[in-house]
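**Student:** This note's numbering numbers the first residue of the sequence shown as -10 and each following residue consecutively. Quick reminder that beta carbons are idealized off the backbone N, C-alpha and C, glycines included. Computed from a predicted model, the values in this text were never measured in an experiment. Mind having a look at this structure? Questions to follow.
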Amino acid sequence: MQKENLSQRTAETLRAQILEEKRYQYGEKLPNENELSETLGISRTTLREAIRILISEGLLVVKRGRGTFVADQFDQYTDSSMDVQELFKMKVTLRDLYETRLIFEPQAAALACKRATDKEIEQILALGEECQRQVKLNPQGKDRIASESAFHGAIIKAAHNDFLSQFMPTLTQTIEQTFALNYNLDVIAEDAYKDHILIMDFLKKRDGEAIKSAVTIHLHHAVQHEKISF
């Protein structure tokens, strides 16, 4: 526990040096392991664990054969209405939200294939078509956001599992945060349109195993385009 706390504290120190003190700039390489661990007064093992934490958050990246760098992707998110610290926190939140969806949503879709009534499937498909229409009409519009939530939410409800239904706010928050981050939305929409076709097709066929794969791929597409690291 003490070792874990030291790693966390070291990660917090490095995070502050990057985001607050501006000691290391975006895209800049960190000092080598020996130098940095000596500067921070910690072991190399503790430093590696702290770096691993910041890599999982997307703040640091390892470039094979070159070293560890501050991620330059934050520059791409620069928005006059949102500071870097706020954007960083949003990306960490998104990582956790998508991770949670990847745990429960593919299985919920498989259960929906098994348990949904014919009428429910008909309603889900109608919501899916509306979502597709909104993707083409305005991929970044409010109606697109609402239609995305309605489509995926209806699939979860059709699983007829009260516990899974409690994850609905996670679904809604993920979609809203993705649009709030406002990064790569057009590319995400392009992949989402294709993914939705597969999801609806497998739902019509009540193919639970196939829809699990389709939903997993759909979520991974968004994660990759948002440059989120687990």
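1) How should residue 16 be labelled, buried or exposed, when 16 other C-beta atoms within 10 angstroms of its C-beta is the threshold for buried?
2) To the nearest angstrom, how far is the alpha carbon of residue 33 from that of residue 39?
3) With a cut-off of 8 angstroms on the beta carbons, I'd call residue 207 and residue 186 a contact; round off their distance for me.
4) If you count every other CB in all the chains shown that lies within 10 Å of the CB of residue 145, and 16 or more means buried, which is it?
5) Measure the alpha-carbon distance for residue -2 versus residue 105 and round it to whole angstroms.
6) Closer than 8 angstroms is the cut-off here; do at least three beta carbon pairs connect the stretch 108 to 123 with the stretch 137 to 156?
7) According to DSSP, is residue 106 part of a helix, a strand, or is it coil?
8) Should residue 215 be labelled buried (16 or more other beta-carbon atoms within 10 Å of its own) or exposed?
9) Buried or exposed for residue 55, going by 16 or more other Cβ atoms inside 10 Å?
10) So, at 6 angstroms on beta carbons, what are the nonlocal neighbours of residue 167 in its own chain, with the 5 sequence-adjacent residues on each side left out?
11) Is DSSP giving residue 230 helix, strand or coil here?
12) Could you pull out every residue in the same chain whose Cβ sits closer than 8 angstroms to the Cβ of residue 134, ignoring the five residues on either side in sequence?
13) State buried or exposed for residue 130, treating a residue as buried only when at least 16 other CB atoms are found within 10 Å of its CB.
14) For residue 140, which beta-bridge partners are listed by DSSP?
15) Express the C-alpha separation of residue 154 and residue 194 in angstroms, rounding to a whole number.
16) Here's the rule I'm using: 16 or more other beta-carbon atoms within 10 Å means buried, otherwise exposed. How should residue 11 be labelled?
17) Shortest alpha-carbon distance to residue 182 belongs to which of 125, 3, 156 and 161?
18) Give me the Cβ distance between residue 191 and residue 177, rounded to the nearest whole Å; I'm assuming they're in contact under 8 angstroms.
19) In the DSSP assignment, find the beta strand (DSSP E) that holds residue 49 and state where it starts and stops.
20) With a threshold of 6 angstroms on Cβ separation, who are the neighbours of residue 89 within its own chain once the five nearest residues in sequence on each side are excluded?
21) Expressed to the nearest angstrom, what Euclidean distance is found between the alpha-carbon atoms of residue 157 and residue 93?
22) Check each candidate in -4, 26, 60 and 37 and name the one with the smallest Cα separation from residue 13.
**Tutor:** Checking against the coordinates, here is how it stands:
1) When all chains shown are included, residue 16 counts as exposed.
2) When rounded, the distance between both Cα atoms is 10 angstroms.
3) The Cβ separation is near 11 angstroms, so there is no contact.
4) Here residue 145 is buried, its C-beta having at least 16 other C-beta atoms within 10 Å.
5) In a straight line, the C-alpha of residue -2 is about 48 angstroms away from that of residue 105.
6) A contact exists between the stretch 108 to 123 and the stretch 137 to 156.
7) If DSSP states are grouped into helix, strand and coil, residue 106 belongs with coil.
8) So residue 215 ends up on the buried side.
9) Flag for residue 55 reads exposed.
10) Taking residue 167 as the centre and dropping the five residues before and after it, the same chain places no C-beta closer than 6 angstroms to its C-beta.
11) Outside the displayed span of the chain (-10 to 219) sits residue 230, for which this structure offers no information.
12) The beta carbon of residue 134 lies closer than 8 angstroms to those of 164, 165 and 168 in the same chain, with the five residues before and after it left out.
13) Label assigned to residue 130: exposed.
14) None, per the DSSP bridge assignment.
15) One C-alpha to the other measures close to 23 angstroms.
16) Result: exposed.
17) 125 is the residue among 125, 3, 156 and 161 whose C-alpha sits nearest the C-alpha of residue 182.
18) No, residue 191 and residue 177 are not in contact; Cβ-Cβ is about 21 angstroms, not under 8 angstroms.
19) Residue range 49 to 52 is occupied by the beta strand (DSSP E) that includes residue 49.
20) Here the set comprises 159.
21) Going by the C-alpha atoms only, they are around 11 angstroms apart.
22) Looking at the Cα atoms, 60 is the closest of the given residues.
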